Structure formats: structure tokens, C-alpha cells
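Residue numbers (mature numbering (1 follows the signal peptide of the UniProt record, and there is no 0)): -24 to -1, 1 to 420.
Don't be surprised by glycine CBs; every beta carbon is placed ideally from N, CA and C.
All values derive from a computational prediction rather than experimental measurement.
Okay, structure first, notes after.
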């Protein structure tokens, strides 16, 4: 009897708690008064389309292929020589058909388009294959998609692609570079997703927002579709390759780098027209060498140290440094020859052409006027050998010889100065020819 009573009490307690829970539940889940705004056709369409929508499932039967149309509009390009990378700022255009997102406009107030967030619906996993930023494989910004009544989806996200690019800096800073971007599906093969170039365009469009004062000018950009079969798989794998031909815009480089190169050439050549004994020759050549070293340090800051091609302008400055160094050594030798007090006269085999037509061609007229005519001394010596004279005559001849010998010393010094000036003139001609060859080879 007591057991039945306990069962009845327990049952009553259970039902009381149940009704209390139900009552509290209804009272707490009460959403309050209805909203003051009326639902629109857009609200109803969104609810109908996205109800039980699986954004991770490809919106087509497994035996059907989803066609993804690909387009791009580029508005800025950057190149990093140190990292050998190219960064492209663009608007990507992807269009595909989603069988789950079709509706009849008549059922929704003639609504023909619908904007949906990119994370709400399925998207093709089209990514950049040769990306230089593997840690951030998602290159797309969060933008809405435009869905049309027939199920077509248009997605135009702003993008920033960074790719590895093998740069050829041989003609820096007047170089042109060719880089490419390769796009394809990351997980789907060609039987599941097929890529097509939008409107069969083979040339990439330049955006109206293209920056005109950029360092790089996009000369040409082309699109090409390829289908690759790998040895591991029998399915095709389509991809789209964008090839960019870039030209460096370098008016500032022309003023900063090329103009000083001509000044270096002029300073080096001017030093050969200074007087042979002028110490300013060493000062000019030393300053020129310092200027070249400063520019080489500047190049080391602007260019990668491990480049595959050394720029021709850098090779020119290196060659100019060698040339100026040899010119400095030559200036020291010329100054030493012109300032040293010589006791021996200049050999006749050297003096004869310098006092003739060859010397005139070298512009040595001023130095030739001060040069002694050694034929007079030669005739006096021959006369002394050919004629028999008395002791008195011998003594007179000796006196005459002594007088003439004493007058030779100033002219001997002028002869060596003439020789030093000839070295400068010949060096000038040789260096003009050498700089002309360098200018042609290095295409300055």
C-alpha cells in the first residue's frame, strides 16, 4: 500500500515539473511582437535558395562538368629585384552556372538578380599555381557574388598575386621582363571543372585605374589555355597562363646613372690635355675613381647580389674603374718623366718622329718649339773627326764643344717633356677608342 502511494506521488511530481518546464520554455522563447517591416521578395528568395544549401558540394551532377569562365583586369604591377618576384594588383572575373541557384522571376516580383556573400555559396577553387606566398594561398578579398535567374554566378574579387619571376637584369635599368601567372583548380580535374577564357579574349585588359606613373609599363599581356595530362592520372587538368611583358620606365635612371657615366669619360680624357708636369692630373683621376666607387656601392644597394646576369651598366662602371686606375698610373709616370732632371738626351729614334709630322698630328707644336735640334751637335762632332787641326785648333774645338754641351742641358729637359706630352696625347687617342668600344658593347 505504501509502495503504491509512493509511485502515485512520484508520478504527480513528474507531471508538475513537466508542465512547469513547458510553461517556462514557451515564456522564454517568446520572440515578442512581430517586426514592423515586411519581408521582401529578396528575403524570400534568399531563404528559398539557401535553405539546406551545401556550399561545399559542387552544384552539378558528378557526371557533368562545371564550366568556369576566367577573366582578369590588371591595374598595377610591381617587381622586386631582390626577391625575384612580381606582384600584380587586379580584378579577377569568374563566372559559372550553379544549378541550385535557379528561380522563376515571376514568383519573386520579377527579381532577376540576387547579391550573395562569397562565403554563402559554392565557389570554384581556382588558385595561382606559381604563387610566391604559399602561406597565404587564398588571394581573394571578401566580396559579394551576383547571381542571375538562370543560375549564372559572377564573382569579381579584387586580388593581389605575387609570383616568382626569373629576372634578366642584363640591360638594367632599360630592361624588359617577362613573367607569367598560372591558374587552375586546386582539387578538381578537367572532367569536373573546365576553365575557359571569358569571351575568348587572348589579351588582358588594362584597367582604367591603371597607374600611369608606375616604374613598370605593361607592354603586352596575353592569356592562353593549356590542358595537361600527368603520368599519375588519366584525367585532364586545364590551366590558364597569363604572360606579362613589362618595360621599365626609367627617365630618372637616365639622369642618375647615364649622365655621370659621360662625365666620368670626359674627366678621364681631359686629364690627358693638362701639362705633363701638372699635379692636377692625379687629383682629377683620383676623384673620378672615387665617383665610380660610390656608384658601384649604389648599384650594390639597388641590385641583388646573386643575380644570374650582371647589368651592362655595372660592367661599364667596373671597366671604367680599371681604365681610370691605369690612367692614374700613367699620370704618375708622365709627371715623373717631366719633372725629373735628366742627364741623358732623348734617344734620336724617339725624338725624330715627335719633332716631325707625327708630333704635329698629336698637337705637340708648343713643345716642339722648345725642343733642341741635336743635328747641330752631330755636325760639330763629325767636323772634329774629319779635319786635322793643330793643338790650338783642338783646344778651340774643345772649347766650342764645351760651350755647346753646356747649352744642351735645358734643351734635353725640353725633349723629355716633349716625350711625356706625346705619351699623354697617345693615351688620349687610345682611351677615346677604348671608351667608344665600351659604349658600343654595353649599349649606353
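Per DSSP, the unbroken beta strand (DSSP E) holding residue 43 starts and ends at 42 to 56.
Taking C-beta separations shorter than 8 Å and ignoring five residues to either side along the sequence, the partners of residue 53 in its chain run 62, 63, 64, 65, 190, 192, 194, 220, 222, following chain order.
The residues 61, 63, 108, 109, in chain order, have a CB closer than 6 Å to that of residue 138 in the same chain once the five nearest residues on each side in sequence are set aside. By the neighbour-count criterion, in which 16 or more other beta carbons inside 10 Å mark a residue as buried, residue 312 falls on the exposed side. Partner residues in the beta bridge of residue 90, as assigned by DSSP, are 123. Distance check between residue 95 and each of 199, 401, 235, 120 places 120 closest, using alpha-carbon atoms only. Here the alpha carbon of residue 104 sits roughly 10 Å from the alpha carbon of residue 216. Secondary structure of residue 151 (DSSP, three-state): coil. When DSSP states are grouped into helix, strand and coil, residue 236 belongs to the helix group.
Buried is the label assigned to residue 310, since at least 16 other Cβ atoms lie within 10 Å of its Cβ.
Apart from the 5 residues on each side of it in sequence, residue 249 sits with its Cβ closer than 8 Å to the Cβ of 400, 404 in its chain, given in chain order.
In this structure, DSSP gives residue 230 a helical state, which the three-state scheme calls helix. Between residue 122 and residue 31, the C-beta gap is not smaller than 8 Å, which leaves the two residues out of contact. In the DSSP annotation of this structure, the continuous segment of the beta strand (DSSP E) that includes residue 201 starts and ends at 192 to 205. Each residue's CA atom was taken as its position, placing residue 229 and residue 101 some 42 Å apart. Non-local beta-carbon contacts of residue 145 in its own chain, meaning distances under 7 Å to residues more than five positions away in sequence, involve 57, 151, 279, 283, 285, 287 in chain order. Across the structure, residue 408 and residue 247 are spaced so that their CA atoms are roughly 12 Å apart. Pairwise C-beta distances place the segment 204 to 214 out of contact with the segment 77 to 86, as fewer than three of them are shorter than 8 Å. Counting along the chain, the unbroken alpha helix (DSSP H) around residue 271 starts and ends at 256 to 278. Taking residue 164 as reference, the option from 142, 33, 67, 23 with the minimal CA-CA separation is 33. Counting of Cβ neighbours within 10 angstroms places residue 264 among the buried residues, the total reaching 16 or more.
For residue 24, no beta strand (DSSP E) segment is defined; the enclosing uninterrupted segment is the alpha helix (DSSP H) at 17 to 26.
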